[in-house]
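Last residue of the sequence shown? That's 707 in our numbering, and every number before it is there in order.
All C-beta atoms in this analysis are idealised placements derived from N, C-alpha and C, irrespective of residue type, glycine included.
Note that the structure is a prediction, hence the values are computed from the model and not measured.
Take a look at the structure below.
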Amino acid sequence: MRLAGARGRAFFDQSPLSILVFGADGYAIDANPAAERLWKSSRDKLREYNILRDARLESKGVLTHIRRAFEGEHTAAPPALLDRPDAGSEARPGWYEIQAYPVRDSRGTVCEVVVTFQDVSDRRQSEQERAGLLERAEQARDNAEDAGSRQAFLAEAGAVLVSSLDYQTTLASVARLAVPRIADWCAVDLLEEDGSLRRLAVAHADQAKSDVAWELSHRYPPGPDDVIPRVLRTGRPETAADISEDMLRRSARDPEHFRMIQDLGLCSYMVLPLVARGRILGAITFATAESGRRFGPIDLSVATDLAHRAAMAVDNARLYGNVMRERAAAQAALQALAESEERFRSLSTCSPVGKLMADVEGRCTYTNPRCQSICGFGEQEALGDGWTCFIHPADREAVVESWRQLVRTGGEFSRQFRFQRPDGSVRWVHMRSAPMLSSRGEPMGHAATFEDITESRLAEEELRRYNEDLQRFAYVASHDLKEPLRMVSTYTQMLAKRYSGRLDADADEFIGFVVDGVKRMRALIDDLLAYSRLINQRGETAGPADCEAVLDWVLLNLQVAIGESGAEIEREPLPVVPVDRVQIGQLLQNLIGNAIKYRGKEPPRIRIGARRNGAEWVFSVADNGIGIDPAYWERIFGVFKRLHGKEYPGTGIGLAICKKIVESHGGRIWVESQPGRGATFRFTLPALRETVADTAAKP
Ligand code: ADP
Numbered sequence: 009m010r011l012a013g014a015r016g017r018a019f020f021d022q023s024p025l026s027i028l029v030f031g032a033d034g035y036a037i038d039a040n041p042a043a044e045r046l047w048k049s050s051r052d053k054l055r056e057y058n059i060l061r062d063a064r065l066e067s068k069g070v071l072t073h074i075r076r077a078f079e080g081e082h083t084a085a086p087p088a089l090l091d092r093p094d095a096g097s098e099a100r101p102g103w104y105e106i107q108a109y110p111v112r113d114s115r116g117t118v119c120e121v122v123v124t125f126q127d128v129s130d131r132r133q134s135e136q137e138r139a140g141l142l143e144r145a146e147q148a149r150d151n152a153e154d155a156g157s158r159q160a161f162l163a164e165a166g167a168v169l170v171s172s173l174d175y176q177t178t179l180a181s182v183a184r185l186a187v188p189r190i191a192d193w194c195a196v197d198l199l200e201e202d203g204s205l206r207r208l209a210v211a212h213a214d215q216a217k218s219d220v221a222w223e224l225s226h227r228y229p230p231g232p233d234d235v236i237p238r239v240l241r242t243g244r245p246e247t248a249a250d251i252s253e254d255m256l257r258r259s260a261r262d263p264e265h266f267r268m269i270q271d272l273g274l275c276s277y278m279v280l281p282l283v284a285r286g287r288i289l290g291a292i293t294f295a296t297a298e299s300g301r302r303f304g305p306i307d308l309s310v311a312t313d314l315a316h317r318a319a320m321a322v323d324n325a326r327l328y329g330n331v332m333r334e335r336a337a338a339q340a341a342l343q344a345l346a347e348s349e350e351r352f353r354s355l356s357t358c359s360p361v362g363k364l365m366a367d368v369e370g371r372c373t374y375t376n377p378r379c380q381s382i383c384g385f386g387e388q389e390a391l392g393d394g395w396t397c398f399i400h401p402a403d404r405e406a407v408v409e410s411w412r413q414l415v416r417t418g419g420e421f422s423r424q425f426r427f428q429r430p431d432g433s434v435r436w437v438h439m440r441s442a443p444m445l446s447s448r449g450e451p452m453g454h455a456a457t458f459e460d461i462t463e464s465r466l467a468e469e470e471l472r473r474y475n476e477d478l479q480r481f482a483y484v485a486s487h488d489l490k491e492p493l494r495m496v497s498t499y500t501q502m503l504a505k506r507y508s509g510r511l512d513a514d515a516d517e518f519i520g521f522v523v524d525g526v527k528r529m530r531a532l533i534d535d536l537l538a539y540s541r542l543i544n545q546r547g548e549t550a551g552p553a554d555c556e557a558v559l560d561w562v563l564l565n566l567q568v569a570i571g572e573s574g575a576e577i578e579r580e581p582l583p584v585v586p587v588d589r590v591q592i593g594q595l596l597q598n599l600i601g602n603a604i605k606y607r608g609k610e611p612p613r614i615r616i617g618a619r620r621n622g623a624e625w626v627f628s629v630a631d632n633g634i635g636i637d638p639a640y641w642e643r644i645f646g647v648f649k650r651l652h653g654k655e656y657p658g659t660g661i662g663l664a665i666c667k668k669i670v671e672s673h674g675g676r677i678w679v680e681s682q683p684g685r686g687a688t689f690r691f692t693l694p695a696l697r698e699t700v701a702d703t704a705a706k707p
């Protein structure tokens with residue numbers, strides 16, 4: 009190259025550009041010092057270098073440009089990364105901008121080509137840095153936009169989630185909202201109380217696809233090792249950025265299942281637990297398919313946020329539901345209570361029985377109208393202790409005292425007493441009270457009923473007086489009748505003695521009748537007298553009597569009858585009882601006497617015994633006589649009640665006397681018998697107190 013004079017040479021030598029000059033054959037013919045530095049080679053050495061055969065430049069696509077310069081074109085190759093041409097140990101690749109200028113001779117033929125290498129590595133680096141910054145800025149902008157839309161999505165989802173307490177519908181709308189902004193698919197599954205899994209929602213932009221998903225979840229409910237049950241167990245989210253065919257194959261139950269899930273074309277999934285207050289409520293699943301997106305950390309964080317909000321919504325809705333249910337139950341209970349109170353009041357208002365309610369301290373809180381009308385107080389007057397002021401002064405102290413005692417001890421109360429009403433009239437009441445307990449057994453107060461027994465009390469009183477008069481009359485009559493009867497008897501006996509056989513046969517017979525009648529009348533009067541004596545001694549008990557000794561005495565009295573009838577007497581040991589010995593004697597004598605009297609064809613066999621039964625003795629007198637039809641077992645104990653005529657003499661008072669004696673000591677008397685098969689009379693009498701204690705002490 010012929011450079012234009014010394015200035016040209018100086019410019020060539022001092023140029024910071026590496027300049028190489030090539031001959032038309034491609035061999036270097038000149039190189040400036042920058043090129044020598046670049047090549048770490050001398051100008052002479054460089055003459056062996058042929059640029060048109062440089063494989064490196066060829067491979068970087070630079071040589072095409074240079075060739076074009078050899079053909080007469082000024083070319084500039086785009087910056088290329090080249091090893092430094094010297095390729096020495098310090099060689100490092102650098103970015104070079106290469107330009108090639110053809111130099112023509114006077115005929116216009118390209119005779120030389122000047123190639124400049126400009127090291128643009130630094131510029132290139134700063135350009136790359138700028139590009140990187142730009143990219144990051146763009147990414148940042150995209151991210152900001154994404155974050156903004158994520159925030160907007162979460163805000164929207166959050167608003168939907170708190171908008172209603174119907175969490176099932178709400179979760180379905182949130183799943184729809186997530187598609188396609190977060191995922192192509194979204195499904196929500198909730199854990200039921202029995203631990204089973206219920207698919208609540210499946211959303212996909214294409215309804216036909218969500219139908220397939222529903223069908224899938226029905227046909228192939230998840231097994232324990234599937235992702236969702238696993239997430240529910242561990243409470244940890246599970247994600248797969250890339251769903252491989254192998255994964256699908258492993259999770260498919262059968263070829264049909266595999267085909268169905270493969271058709272969904274899933275790429276990536278995330279399954280997150282729905283956790284609220286430490287409890288796993290269900291799971292939310294996101295998946296991508298046709299969008300081809302792969303889930304990354306940012307998606308997971310959005311999904312986590314959404315899952316958290318959804319879980320809170322479900323939890324809140326359930327809590328609210330529980331509170332509402334409890335409130336409804338409480339309201340129903342209150343309503344029922346109000347109705348029952350109303351029923352109680354209306355029943356109580358028209359009740360024919362007086363009612364009084366008192367609190368736990370015995371203070372009256374309520375009386376019904378009937379109670380007020382019986383006792384003579386007004387509703388207000390009765391409250392507190394007011395009702396006690398209306399009790400008859402003669403009864404008040406005792407009633408109030410026993411009412412207080414009842415309140416202290418919590419027992420039951422049953423008492424008859426009088427109320428004196430403000431108009432001066434007196435009413436007898438039977439007051440009964442029992443403590444009221446709540447369903448938990450706690451005392452709530454006392455409920456009392458008042459029965460107006462004035463009429464029956466008066467009737468009883470009258471009857472008692474009437475009975476007393478009758479008894480007195482019976483006694484006086486029988487007592488006073490004895491005297492004239494004795495006279496009739498004496499004179500009839502004299503008549504019989506003196507005139508028997510001296511008058512005609514009729515007269516003898518008549519005299520016989522009179523004597524007999526007088527005898528029977530005496531027996532009757534004696535029995536009547538004994539009976540009315542008994543009545544007048546009611547409630548008095550004397551004794552104790554040793555029944556062994558009493559029986560000895562009775563058998564002595566009955567000696568003649570026993571002898572005549574040939575009766576056999578069998579006796580068991582008898583106790584000592586707190587009963588007057590005359591009365592127990594009368595009792596035994598009547599029963600044994602009857603056993604002899606009402607004998608059958610056989611001579612009488614009579615067994616007398618007693619056995620202990622708790623606090624009483626059960627005596628028995630058994631015979632082998634004619635017996636009694638069960639129809640008469642009760643009746644024979646009434647006064648003058650007889651089953652026979654003259655063939656068995658008697659007054660019909662004996663058993664009535666027995667009953668009176670037994671009952672006046674709190675006992676019972678009864679008979680067990682069949683006609684022709686004998687009779688067993690049993691009666692009870694109290695045991696001696698000491699004996700009761702002794703017996704009770706025995707194991
Ligand atoms: P009575 O003076 O007639 O014997 P009781 O009052 O002693 O009066 O007896 C009432 C009736 O009970 C008797 O008339 C008799 O018919 C029946 N009776 C009493 N004891 C016996 C007995 N041991 N066997 C069969 N009948 C009896």
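- Counting along the chain, V235 sits inside the alpha helix (DSSP H) bounded by residues 235-242.
- For the 9 Å CB-CB criterion, F689 and R676 do not form a contact.
- Sorting P188, L199, T500, P232 by C-alpha distance to the C-alpha of Q215 places P188 at the top.
- As for any beta strand (DSSP E) of minimum length 3 sitting wholly inside the region 325-399, the runs are 362-366, 372-375, ordered along the chain.
- When distances are taken from the beta-carbon of N565 to the heavy atoms of the ligand ADP, even the shortest one reaches 8 Å or more.
- Residue pairing for G31: DSSP places it in a beta bridge opposite E120.
- Between R423 and R429 the beta-carbon gap is near 18 Å, outside 8 Å, which marks them as no contact.
- With respect to A209, A165 sits apart: the two C-beta atoms are not nearer than 9 Å.
- F421 is bridged by DSSP to S441.
- At least one heavy atom of the ligand ADP is found less than 8 Å from the C-beta of D631.
- Scanning P281, D271, E624 for the CA closest to the CA of L198 turns up P281.
- Judged by DSSP secondary structure, C555 falls within the alpha helix (DSSP H) whose first and last residues are 555-565.
- Looking at the DSSP output, T72 sits in no beta bridge, so it has no partner there.
- DSSP places A482 in the helix class (H, G or I) of the three-state scheme.
- Boundaries of the alpha helix (DSSP H) harbouring W222: 215-227, taken from the DSSP string.
- As the crow flies, the alpha-carbon of A402 is around 12 Å from that of V408.
- A direct Cα-Cα distance of roughly 5 Å separates G646 from A664.
- Taking C-beta separations shorter than 7 Å and ignoring five residues to either side along the sequence, the partners of L90 in its chain run R64, K68, P101, G102, Y104, following chain order.
- Taking the Cα positions, V585 is about 7 Å away from L693.
- Per DSSP, A664 is one residue of the alpha helix (DSSP H) stretching across 662-672.
- Of the residues I74, I27, K48, R45, the one whose Cα lies closest to the Cα of G34 is I74.
- In the three-state reduction of the DSSP assignment, G203 falls in the coil class.
- For the pair G286 and M365, the CB atoms are not nearer than the 9 Å cut-off.
- In this structure, DSSP gives A297 a state outside helix and strand, which the three-state scheme calls coil.
- By the Cβ neighbour-count rule, P612 is buried, with 16 or more other Cβ atoms within 10 Å of its own.
- Around the beta-carbon of V322, 16 or more other beta-carbon atoms lie within 10 Å, marking it buried.
- Contact check between the region 336-352 and the region 200-209: fewer than three CB pairs, one atom from each, fall below 8 Å, which does not count as touching.
- R620: member of the beta strand (DSSP E) spanning 613-621, first to last residue.
- For P41, the enclosing alpha helix (DSSP H) starts and ends at 41-47.
- As DSSP reads the structure, M278 sits in a beta bridge with T247, F294.
- Distance check between D52 and each of I399, A36, P86, I636 places A36 closest, using alpha-carbon atoms only.
- Relative to A248, the option among E201, E264, A297 whose CA is nearest is A297.
- With distances taken between CA atoms, E405 lies nearest to F427 out of F385, G386, L391, F427.
- Rounded to whole angstroms, Y328 and T357 show a C-alpha spacing of 42 Å.
- Here DSSP, grouped into helix, strand and coil, assigns I604 to helix.
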